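There are 2 protein chains.
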Amino acid sequence: MSSRIIEMLEQQDGQYLSGETISKELGISRTAIWKKIKKLEELGYQIEASRRLGYRLAGKPSKLILSELLTKLKDTSFICSVKLLDSVDSTNNAAQQLAEDGAAEGTLVIAEQQTNGRGRMGRNWISPAGKGVWMSVILRPSLSLQFAPQLTLLTAVALCRALKELTTLDIGIKWPNDLLVDGKKISGILLESTAEDERIRYIIAGIGISVNLTEEDYPEELRGIATSLRIEQGNELDRTEVIAAFFRQFELLYTLYQQEGFSPIQTLWEALSVTLHKPVKLTTPAGVVEGTPIGLSESGALIVQKLDGSQVNVFSAVTSGPPDVRG
Amino acid sequence: MSSRIIEMLEQQDGQYLSGETISKELGISRTAIWKKIKKLEELGYQIEASRRLGYRLAGKPSKLILSELLTKLKDTSFICSVKLLDSVDSTNNAAQQLAEDGAAEGTLVIAEQQTNGRGRMGRNWISPAGKGVWMSVILRPSLSLQFAPQLTLLTAVALCRALKELTTLDIGIKWPNDLLVDGKKISGILLESTAEDERIRYIIAGIGISVNLTEEDYPEELRGIATSLRIEQGNELDRTEVIAAFFRQFELLYTLYQQEGFSPIQTLWEALSVTLHKPVKLTTPAGVVEGTPIGLSESGALIVQKLDGSQVNVFSAVTSGPPDVRG
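Those protein sequence lines, which keep their order, are chains A and B. Numbering that gives the first Met the number 0 puts the first residue of the first sequence at 0, with every later residue one more than the last. Numbering that gives the first Met the number 0 puts the first residue of the second sequence at 0, with every later residue one more than the last.
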């Protein structure tokens, strides 16, 4: 029924179509039409409503095209298969299901929309249709579990390098893997690992990039701490380009990591970091750590120089106060 | 129907009951009875068959009793809830489902029988009804992912100490977590971790202990490399006692670990190890390592002194040759 409304509006070529006409054509009430219109807006359609003139299609959600995506990803041998979905609860969930069923490394799941996108620490992740890159890729590294957190840092470096390649923005990494522009979050990375004893079975690398979201896409309370490439850069970006740029960088660094270990990744991460050399207060499983991060350890922990001059390796922080949210 | 047959056999008090009588009573064919009998044997019933006399119940599977178990586990505050199952594909799967649904640390799943018990590296684990301890417990440590492999070593130490407490056997730990008696495997431990970035969501600690298995329970090809407490010790053990002894030790070490870190666990592991100071050849993700293990590193890796005198930390080995299978 909704697709019939879109079809009718599209035939108007940007001109208004009265609610009465739609109502007669589809045999449903004006209220029912209004509800369908709201639903379509949630899916990314821009529909202007006028009490007098009716409805007008002002913009459509830009859809990813699988064939175009596959062509762009041809340069990277890393991606072996792509599953493009209209809507999914969470691309990480979908990829995990595929991994459990034996899907190979490089299997990629992309969704136009996530209805229950997950961020770090169980937080929701805003992922409306057609405006961002919401994707998850299966990794099966020959790596012992101790090293899994290094891949979180590697993914952040790859994404940061890709987005800097495509924009003129000053993008930095907040430890461990948030990308910030002017202190506001522009992407989210969530690597979910499953292991048997010390052996990694697989890792789902979930990457959310706020590409073409507008301010209206964010609830009031998030506008000061979250942003999009479009808001910051001032123009829309081609999401297919963003995906391809990321995987070019990811493949490069992942190969480098497997050949040379963490050391080159560490150097790249430190150069892009906005966390280092600024005072922080971190709540870790072992208690609150206050001091200044001065670098990454060999294993990927954040080295914090405490107020008394001693150094401590922070492997994970449960929460972090405002001082380290801003870049 | 099967339970009716058992009931009838039990009323005979160890005497034979003719197939004809069963056939008449239950209104099923002699062939159907024979099939039910085979099924009962798989469930752990020992039934002697005589062409002339019929069937005789020679032994029943010893069943774990939940109330008895809860009484024995009262000393340990660690276990918060126990789910006792007759049969399950794998207790790790069952516990994982509970963990995904939010079950707390200390939730324990025990099954009389696993139909698809899993061992390290996807190997099957023989877990017939009523003869072993097949269980999985949910852990939710405030611990960063890097340290998860230390819990594998801790679990092995706890189990080794518990089994030494209950038997006079010379039990040792083969790196990382196999328990051996005279070079034969007596238990299996499999810790399955799931994490988001560097944070552990939960760990399922799966523990399989071959308590009262007889030689007949093992296929021919495993008899040289697997054994049970009963075979080695010469008498049956009370499985409830085994479970309680394990969790007393586990709670002790887990608390110690959370207070003092890995160092005391490392010392205990090294003292119980049969891997140290004997030449090994390990196939690791980084290649074959040949040398002599001399201890554990701070992070739980095996420190191997190579033939050229240099030392290398082995975090995981994909396979290991015969030299290190034997204690």
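The beta carbon of each residue, even a glycine, is placed where N, CA and C say it ideally should be. The model shown is predicted, which means the values in this text are computed figures rather than measured ones.
In the DSSP assignment, B:P263 falls within the unbroken alpha helix (DSSP H) covering S262 to L271.
Here A:V180 really is in contact with A:L168; their C-beta atoms are around 5 angstroms apart, less than 8 angstroms. The distance from the Cβ of A:L295 to that of A:E269 is about 6 angstroms, consistent with a contact at the 8 angstroms cut-off. Leaving aside the five residues that flank A:R200 on each side, the residues in its chain whose CB is nearer than 7 angstroms to its CB run, in chain order, T193 and A194. Under the three-state reduction of DSSP output, A:P292 falls in the strand class.
Proximity to A:T239 across A:I32, A:K71 and A:I185 peaks at A:K71, based on C-alpha coordinates.
Between A:L39 and A:I64, the CB-CB gap reaches or exceeds 8 angstroms. With a cut-off of 8 angstroms on Cβ pairs, the region 138-145 of chain A is not in contact with the region 169-178 of chain A, counting fewer than three such pairs.
Counting along the chain, the unbroken beta strand (DSSP E) around B:N312 starts and ends at Q310 to V313. Contact between A:E191 and A:G205 is confirmed by a C-beta separation of about 7 angstroms, below the 8 angstroms threshold.
Cβ-Cβ separation between A:G43 and A:P127: approximately 6 angstroms, consistent with a contact (criterion under 8 angstroms).
Residues of chain B with a Cβ closer than 9 angstroms to the Cβ of A:E191 are, in chain order, T193, A194, E195, D196 and R200. Put simply, the backbone Cα of B:V287 is about 7 angstroms away from that of B:K280. Nearest in C-alpha terms to A:I109, of all of A:D85, A:D100, A:Q96 and A:A102, is A:D85.
Taken atom to atom, the span from the alpha-carbon of B:L150 to that of A:Q265 is near 27 angstroms.
As the crow flies, the alpha-carbon of A:D12 is around 9 angstroms from that of A:A57.
For the region 261-287 of chain A, the residues whose beta carbon sits under 8 angstroms from a beta carbon of chain B are, in order, P284. Following the DSSP letters along the chain, one finds B:L65 inside the alpha helix (DSSP H) bounded by residues L65 to K71.
With a threshold of 8 angstroms between beta carbons, A:L83 makes no contact with chain B.
With fewer than 16 neighbouring CB atoms inside 10 Å of its own CB, B:G26 falls in the exposed class. Residue-level contact check: A:L255 does not touch chain B, since none of the beta carbons of chain B fall below 8 angstroms from its beta carbon. For the region 166-178 of chain A, the set of positions with a beta-carbon nearer than 9 angstroms to some beta-carbon of chain B reads P175 and N176 in chain order. Close to A:L142, with beta-carbon spacing below 9 angstroms, are these residues of chain B in chain order: P284, F314 and S315.
Proximity to B:I202 across B:K59, B:L138, B:V303 and B:S2 peaks at B:L138, based on C-alpha coordinates. Ranked by Cα distance from A:T274, the options A:I302, A:A244 and A:I208 are led by A:I302.
Per DSSP, B:Q149 is one residue of the alpha helix (DSSP H) stretching across A147 to L165. Residue ranges of uninterrupted beta strand (DSSP E) with 3 or more members, entirely inside the region 101-129 of chain A and ordered along the chain, are 106-113.
Neighbours of B:Q145 across chain A, judged by C-beta separation under 9 angstroms: L144, Q145, F146, A147, P148, S298, G299, A300, F314 and S315. Here A:Q95 is buried, its C-beta having at least 16 other C-beta atoms within 10 Å. With fewer than 16 other Cβ atoms inside 10 Å of its own Cβ, B:C79 counts as exposed.
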